[in-house]
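Residues 14 to 85 (my numbering) make up the sequence shown, in order. Worksheet for the structure shown next.
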Amino acid sequence: MYIYQRLKDVREDADKKQEDIALILNITRQQYQLYESGKREMPMHHFVTLAKHYNVSLDYLAGLIDKPKKLK
């Protein structure tokens, strides 16, 4: 699974819009859309912020594992 698909999946599972996530990351919706579509690489600090927000591990967000692990 590609990272951008996982970002979209976890966002949709949380019933969030791209605008909601952009606010969390303090970026524009257009910037976030580029990350989610795979047209631009997302900085690591945004991955950390999203992992904390969704309460999932970074390896799950990166698509390295298929079953989400909660943060401790």
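Every residue gets a Cβ at the ideal spot worked out from N, C-alpha and C, and that includes glycine.
Who are the near neighbours of residue i in its chain, counting only those whose CB is closer than 8 Å to its CB and skipping five residues on each side?
i: N68; result: K83, L84
Classify residue i: buried if its beta carbon has 16 or more other beta carbons within 10 angstroms, exposed otherwise.
i: L63; result: buried
i: V23; result: buried
i: I78; result: exposed
Quick check on the DSSP output: the alpha helix (DSSP H) that includes residue i runs from which residue to which?
i: P65; result: It is Lys, not Pro, that sits at residue 65 in the sequence shown. Where K65 is concerned, the enclosing alpha helix (DSSP H) stretches over 57-67.
i: S70; result: Element bounds for S70: n/a, residue is neither H nor E.
i: L20; result: 16-26
i: E49; result: 42-50
Take residue i and list the residues in its own chain whose beta-carbon comes closer than 6 Å to its own, dropping the five residues that flank it on each side.
i: K21; result: E49
What is the rounded straight-line gap between the Cα of residue i and the Cα of residue j?
i: I37; j: G51; result: 19 Å
i: Y45; j: H59; result: 10 Å
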